Amino acid sequence: MLTSPFVRKPASVQQVMFTVLVALLPAVGLYVWQFGPGIVVNLAIASIAAIAGEAFVLWLRKKPVLTYVSDLSAVVTAWLIALAFPTIIPAWILVLATLLAIVAVKHLYGGLGQNPFNPAMAAYCLMIVAYPSAMSQWPAAGWMDLSTHLHLIAGGSLDAVTGATPLDALRTGLRGDTPVATVLTGEAFGTAGGRGWEWIGLGYIVGGALLLWRRVITWHLPTAFLVALVVISGLFWLGDSARFASPLFHLASGGTLLAAFFIVTDPVSGATTPRGKLLFAAGIAIIAYLIRNFGAYPDGIAFAVLLMNLCVPLIDMKTQPPVFGHKGQ
Amino acid sequence: MIAGLFKFHGGIKPDTHKNESANAPIRRALLPERLIVPLRQSARTTARCIVETGQKVLKGERIGAPDEALGTAVHAPTSGTVLGIELHTMAHASGLGTRCVVIEPDGEDRWIERHAFDADKATRDEKLAWLRECGVVGLGGATFPSHIKVGRGTGIDTLILNGAECEPWITCDDRLMRERAESILAGAVILRDLVGATRIIVGVEDNKPEAIAALGQARDGVDADITVTAIPALYPAGGEKQLIRVLTGIEIPHGKLGGDFGVQCFNVGTAHAVHRAFAFGEPLISRVVTLTGNVRTPGNVEALIGTPIAELLEQAQPGKDTNRVLLGGPMMGFELPGGDVPLAKGTNCVIACSPTLFPPPPPEVNCIRCGACAQACPADLQPFELYWFSRARNFGKAQEYHLFDCIECGCCAYVCPSHIRLVDYYRFSKSEIWAREREKAASDAARDRFEFRNERQEREKREKAERLAAKAAATKAKLAEDAAKSAEASAAPSDKPASADDAKRALIAAALERAKQQKAQVEAKNTEDLGPAQAAQVAEADARRQADVAATPGGTAEPPTDSQNEAPENH
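Line order of the protein sequences matches chains A and B. When we follow this note's numbering, the leftmost residue of the first sequence carries the number 102, and every step to the right adds one. When we follow this note's numbering, the leftmost residue of the second sequence carries the number 744, and every step to the right adds one.
In structure tokens form, the structure reads like this:
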């Protein structure tokens, strides 16, 4: 005998994940426009690895394989990995990272909805620790044709095509005591952030707007993340604009916008209460900024996300909203 | 008009499916072959049956008398013959049985003599007694007795009439408001006087413009402060606490009643029943009920309480692929627990389900903590947290996260993309907690009893010891005194004083004497006061025993031992 409610909204995890994939498409399109079709190859490789890994573990765990594979959550993880990793990363690293994300970070903790860490970011951290040089080989701005891309991801080397990322360039420049203004005139930089990357960032904003409109995410996480980043980078910039880049640069560089709308918004590993979301996202922004400027890695968002993932249970517990009739107590 | 409306958090907008049944006027349901009138008609109480099998009853005649404070009278819905008093499954999610009076209608539908209640001369207590006598309970579903709900008659300024009817499919209140608005408002005025309020607000969801218009028109003919307010159609706006919040901004926490905050809320159907009771002396024996879903002729019928629901639904011609029947709405209703379940005062809707209208629930997958449930929850809870705690049987934590503030409206389960039957988890946790509390109360009581018993035994022992000690001391003192006296009397020449030895010896002598007496008492047979024949028998038995003793080698009079039991191996 069934119990109430007897009706439900036509919503599903698959629908949620599909919306996220659709929301990533504008950025993917701009990525192709700026850097060539290589990213599509990477997305495909990561997706296949993710689906295969997920299906295998589900089979091992005697879970309904089709039900869970078709929820598309593994594909979302795969796409986030492909977009966060350097485009010309050797394919085997991409596959390894994806399998680690799905098998170790997601399924060893219990699968869908059970992982305390963001799988894509955990994979990113593991890879940057294990393969620091491969993880910092970014293509120079500009179109790269398919054959060059395939050659590179198959393990071929071609020094001419790689270039420093804006954050790398900034860090290297500042180590040599070059003022920020001078560094920013380098060829890696565009109007606001990294050349080419600014456009992709715009794509993420469009996708984020779609997620907000479809109510897949709430305003709390992206807003708190971006505002906190602007505030902390603004404080340092105002304090010493020769050494520190402007808030606009930080917004437009590295993984900031991808993180704002697609990484910190991961519901599974993030805070869930309204106030908790604000704290969680602001914490990520602050830690990421500190790592960017004072840490050993060019972009610290992945580490910041993992660190804040650790704090989620405490944040959620301490930020429970007042319930109906108990407000103001 | 009131200043403006307030909002409650969350809420959902499911397909309303109101048009199917809202457009046809209320029909009178056919008289069933048998009426099964439950004696349990108000929350938590069952009326005492006052009719016998074979007895003829008239329409409106009392068949159940209220006993407890929450009890209300139960009446025969039509004239006929009592066939029996039987257990039947009641219209309740539990599927439990209750005592019902089965009546075979005679088809005449003949009323008992009835007359309007003279409210002008009656005191407040008499009016409340009349409501109770007429069996008036809340028709919104909870069937709480109205004579209790009106409260003490002080401290309440606003009477709210609930015409929101936010559940999908249900339209019985909508039709009632459209067709009997005057009666509803007249009942509201009676209720207003009983609760001691000064103003009346009728809250109706804005998807019922005809009902709002009808009430507006009726209001013009009533000399009272009545506001008819259209509220946004957002489930569960018709939940009592949500409606009060929307209309007044007051949030009533779990465990508190509207009366504590100066508001009281009644369903429009209840107001209508109150008016019928006062103006016509009609007890509550019928109600408007929506028949809808997978039926050919959906609509609303005025049906007698006790009509078998299956028979009622037949009148709307349910489709052949009907696979289940729901009572109440699809958000908070329940599945019809059996075939002969009768219509109760709280049954507002009967929905025939088909696999197309109500597809089977998709399989549950893991919670992804997306928070859609928290955004939909009208009680501002974090439903997914409650789900995790319930799953883990962490009931303490679930209570800490306000499990009992959950009104089980189903919004969370409605929106869940993982199709988790969240409300089931809360029901499970709540009943586990209740069961544990009952268990704890029982074990606490047992422990109290045990401790009290121990204490009592200790005390008795102590008191006995004290008593004995006191007695011994008294005896000792007395004997010492006696000894001293006798020594004084006998030993005048001898100057040897009565020694302690003498006292002790006297004590021993006295004790021996007592022991002798006791022995004589113990040995005394209960053979005093016997008739001569019995005395002869006793003498004979004594003689026989003496002879036995003489014949037994050991010379003892012990009874023969049960050697069979001692040596079972030998068999």
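Backbone N, C-alpha and C define an ideal beta-carbon position, used for all residues, glycine too. Please read all numbers here as calculations on a predicted model, not as lab measurements.
- Taking 8 angstroms as the threshold, the shortest C-beta distance from M1075 (chain B) to chain A falls below it.
- Those residues of the region 1111 to 1122 of chain B placed with their C-beta closer than 8 angstroms to a C-beta in chain A are I1111, R1112, C1113, G1114, A1115, A1117, Q1118, P1121, A1122, ordered along the chain.
- Residue range 192 to 200 is occupied by the alpha helix (DSSP H) that includes A198 (chain A).
- The region 1005 to 1020 of chain B makes no contact with the region 1065 to 1072 of chain B: fewer than 3 CB pairs, one atom from each, lie closer than 8 angstroms.
- For P1098 (chain B), the number of other beta carbons within 10 angstroms of its own is below 16, and it is reported as exposed.
- Around the CB of W239 (chain A), 16 or more other CB atoms lie within 10 Å, so the residue is classed as buried.
- Contacts with chain B at 8 angstroms (Cβ-Cβ) do not include V121 (chain A).
- Chain B has a Cβ within less than 8 angstroms of the Cβ of T168 (chain A).
- The secondary-structure analysis by DSSP pairs L830 (chain B) across a beta bridge with B:R842.
- Among the residues of chain A, those whose CB is under 7 angstroms from the CB of L1069 (chain B) are F107, following chain order.
- Apart from the 5 residues on each side of it in sequence, P1080 (chain B) sits with its Cβ closer than 6 angstroms to the Cβ of T832, G838 in its chain, given in chain order.
- With fewer than 16 other Cβ atoms from the protein chains shown falling within 10 Å of its own Cβ, Q1200 (chain B) counts as exposed.
- Following the DSSP letters along the chain, one finds V1031 (chain B) inside the beta strand (DSSP E) bounded by residues 1029 to 1036.
- At least one CB of chain A lies nearer than 8 angstroms to the CB of V1166 (chain B).
- When DSSP reads this structure, A973 (chain B) sits in a beta bridge with B:V947.
- Legend: CB atoms of the region 1083 to 1110 of chain B lying less than 8 angstroms from CB atoms of chain A belong to residues C1096, F1101, P1104, P1105, P1106, V1108, N1109, C1110.
- Relative to A346 (chain A), the option among A:R376, A:F425, A:L391 whose CA is nearest is A:L391.
- In this structure, L902 (chain B) and A931 (chain B) form a Cβ contact; the two beta carbons are roughly 7 angstroms apart against a cut-off of 8 angstroms.
- In the DSSP assignment, G1139 (chain B) falls within the unbroken alpha helix (DSSP H) covering 1138 to 1143.
- Between the beta-carbon of T199 (chain A) and that of A151 (chain A) there is about 5 angstroms, and that keeps the pair under the 8 angstroms contact cut.
- Close partners of A1156 (chain B) in chain A (Cβ separation under 9 angstroms): S105, P106, R109.
- Across the structure, A980 (chain B) and V989 (chain B) are spaced so that their CA atoms are roughly 8 angstroms apart.
- By the beta-carbon neighbour count (other beta carbons within 10 angstroms, threshold 16), W298 (chain A) is buried.
- At least 8 angstroms separates the CB of G840 (chain B) from every CB of chain A.
- About 16 angstroms separates the Cβ atoms of G747 (chain B) and L977 (chain B), ruling out a contact at the 8 angstroms cut-off.
- Burial state of W338 (chain A) is buried, judged by a 10 Å Cβ sphere holding 16 or more other Cβ atoms.
- Taking a Cβ-Cβ threshold of 8 angstroms, the residues of chain B close to A112 (chain A) are A1115, V1158, C1159, P1160, in chain order.
- Among the residues of chain B, none has a CB under 9 angstroms from the CB of F381 (chain A); the nearest is roughly 12 angstroms distant.
- Straight-line spacing of the CA atoms in I1048 (chain B) and I899 (chain B) works out to 32 angstroms.
- Between K799 (chain B) and T821 (chain B), the gap from beta carbon to beta carbon reaches 8 angstroms or more.
- Separation of the CB atoms of G371 (chain A) and L330 (chain A) is rounded to 17 angstroms, and the pair is thereby denied contact status at 8 angstroms.
- If you check the CB distance, V1017 (chain B) and S889 (chain B) come in under 8 angstroms.
- Between the region 377 to 390 of chain A and the region 403 to 421 of chain A there are three or more C-beta pairs closer than 8 angstroms, enough to call the two in contact.
- Residue environment for W873 (chain B): buried (at least 16 other C-beta atoms within 10 angstroms of its C-beta).
- Its Cα nearest to that of R1039 (chain B), the residue B:E1057 stands out among B:V1031, B:F1023, B:E1057.
- Any Cβ of chain B closer than 8 angstroms to the Cβ of F425 (chain A) would place that residue at the interface, and such an atom is present.
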